[in-house]
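First residue of the sequence shown? That's 3 in the numbering used here, and the numbers climb one at a time after it.
Worksheet: one structure, shown below.
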Amino acid sequence: MKTDIEIAQEAKLEHIKDVAATIGISEDDLEFYGKYKAKLSDDLWEMIRDNKDGKLVLVTAINPPPSLGPCFGIKGGAAGGGYAQVVPMEDLNLHFTGDFHAITSANNLLAAMLDNHIQQGNALRIDPRQVVWKRCLDMNDRVLRNIVVGLGNKTDGMVREDHFVITVASEIMAILCLADDLADLKVRLGKIIVAYNFDGEPVTADDLKATGAMAALLKDAIKPNIIQTLEHTPALVHGGPFANIAHGCNSVRATKMAMKLSDITITEAGFGADLGAEKFFDIKCRMAGLKPDAVVLVELFVH
Numbered sequence: 003m004k005t006d007i008e009i010a011q012e013a014k015l016e017h018i019k020d021v022a023a024t025i026g027i028s029e030d031d032l033e034f035y036g037k038y039k040a041k042l043s044d045d046l047w048e049m050i051r052d053n054k055d056g057k058l059v060l061v062t063a064i065n066p067p068p069s070l071g072p073c074f075g076i077k078g079g080a081a082g083g084g085y086a087q088v089v090p091m092e093d094l095n096l097h098f099t100g101d102f103h104a105i106t107s108a109n110n111l112l113a114a115m116l117d118n119h120i121q122q123g124n125a126l127r128i129d130p131r132q133v134v135w136k137r138c139l140d141m142n143d144r145v146l147r148n149i150v151v152g153l154g155n156k157t158d159g160m161v162r163e164d165h166f167v168i169t170v171a172s173e174i175m176a177i178l179c180l181a182d183d184l185a186d187l188k189v190r191l192g193k194i195i196v197a198y199n200f201d202g203e204p205v206t207a208d209d210l211k212a213t214g215a216m217a218a219l220l221k222d223a224i225k226p227n228i229i230q231t232l233e234h235t236p237a238l239v240h241g242g243p244f245a246n247i248a249h250g251c252n253s254v255r256a257t258k259m260a261m262k263l264s265d266i267t268i269t270e271a272g273f274g275a276d277l278g279a280e281k282f283f284d285i286k287c288r289m290a291g292l293k294p295d296a297v298v299l300v301e302l303f304v305h
């Protein structure tokens, strides 16, 4: 029996412009990342936003599957398995179109501006003991989870305890996946609480004047990505917030675009029905005004 990666590597991929054309997307509405992956332009959304919505189907599971993923034999990927995969699988599991890098950069820019504000006089009176914003990295590097920063000379910053999370656990990942457009994204970014001052009052990204720069880093990341299944069906793959700390669903923007472009949109909620599906209904659907037409509930057996 062939492995997932063998099946994926033997697949004969079609050019993504031909895959996109099957649902009425022209080449002018694609921003290409090579031959097999692209982003959907902002202009496309403006053209289709008044289209009638197709049906929305949620696929979830009674219990979450074990992670036997293809990325270096350890990390669970989101490309599927067997003959139910999206391709190019290696690209999806690695750099893809750079969305995760952009989210990482925006997250750490905010962290840097926070620490720089404290260093340069601390006009907002931020309490270094009450900094709640964490740096991030797209890697499970456990020795960085709890660290001390600012060691060295006076010019090297305030000594304090700090932390790293994996990029998919960043609040910015969750925000990106709930935002309707760039304007909505900026509003949501600005409300991020990064710390508390000495009076116990919250300090936000807007207070640090970091919102515009963060949004600039995310201006392309907010555009949904299109790739293909092994059968050359279009697949929009966009975002990936952890369900244990966020809502565990793909982006609202990708779901809404898919519903405008197709008769039936199939989406997934991770971490099993009791966590991912519940958050899909209680968070994503409520915030985005979505009403699924059906749910496919799978029961998984692990031997």
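All C-beta atoms in this analysis are idealised placements derived from N, C-alpha and C, irrespective of residue type, glycine included.
For residue j and residue i, the rounded distance between their alpha carbons
| i | j | result |
| --- | --- | --- |
| K358 | D209 | Nothing about residue 358 can be read from this structure; the chain reaches only from 3 to 305. |
| Q11 | A81 | 13 Å |
| Q121 | A113 | 12 Å |
| A13 | G84 | 12 Å |
| T257 | T267 | 8 Å |
| T231 | V89 | 6 Å |
| L70 | D6 | For L70, the predicted model reports a pLDDT of 45, less than 50, meaning its position is unreliable and no value from the coordinates is stated. |
| G159 | F200 | 18 Å |
| L15 | F34 | 15 Å |
| V151 | E163 | 6 Å |
| A40 | I18 | 7 Å |
| D182 | K156 | 43 Å |
| N142 | V300 | 29 Å |
| A171 | L58 | 26 Å |
| Y198 | V167 | 20 Å |
| P130 | G202 | 12 Å |
| K225 | V254 | 11 Å |
| N65 | A271 | 12 Å |
Terminal residues of the beta strand (DSSP E) in which residue i lies
| i | result |
| --- | --- |
| Q121 | Where Q121 is concerned, there is no enclosing beta strand (DSSP E), although the alpha helix (DSSP H) it sits in stretches over 101 to 121. |
| C138 | 137 to 139 |
| T157 | T157 -> no beta strand (DSSP E), and no H or E assigned at all. |
| A185 | No beta strand (DSSP E) contains A185, which is instead part of the alpha helix (DSSP H) from 184 to 192. |
For residue i, the first and last residue of its enclosing alpha helix (DSSP H)
| i | result |
| --- | --- |
| I18 | 18 to 23 |
| D30 | Per DSSP, D30 belongs to no alpha helix (DSSP H) and is neither H nor E. |
| A94 | Per the sequence shown, the amino acid found at residue 94 is Leu instead of Ala. Where L94 is concerned, the enclosing alpha helix (DSSP H) stretches over 91 to 95. |
Whether residue i touches residue j by CB criterion (8 Å)
| i | j | result |
| --- | --- | --- |
| T24 | T106 | no |
| G278 | A245 | yes |
| C138 | N110 | yes |
| K211 | G250 | no |
| I195 | T213 | no |
| V298 | V133 | no |
| L180 | A217 | no |
Chain-order list of residues whose beta-carbon lies under 6 Å from that of residue i (same chain, five-residue window excluded)
| i | result |
| --- | --- |
| I174 | I105, A108, N109 |
| L220 | A104, A108 |
| V21 | Q230, H234, P236 |
| D117 | G159 |
Closer than 7 Å: residue i CB and nearest the ligand MN heavy atom
| i | result |
| --- | --- |
| V150 | As presented, the structure is devoid of all ligands, the ligand MN included, so that no description of it is given. |
Residues near residue i by beta carbon distance below 8 Å, same chain, minus five either side
| i | result |
| --- | --- |
| H119 | A125, L126, I128, L210 |
Sequence-distant residues of the same chain with beta carbon closer than 7 Å to residue i, five excluded per side
| i | result |
| --- | --- |
| W47 | M259 |
| N53 | K262 |
Residue ranges of each beta strand (DSSP E) within the segment 40 to 66, 3 or longer: 40 to 42, 57 to 63
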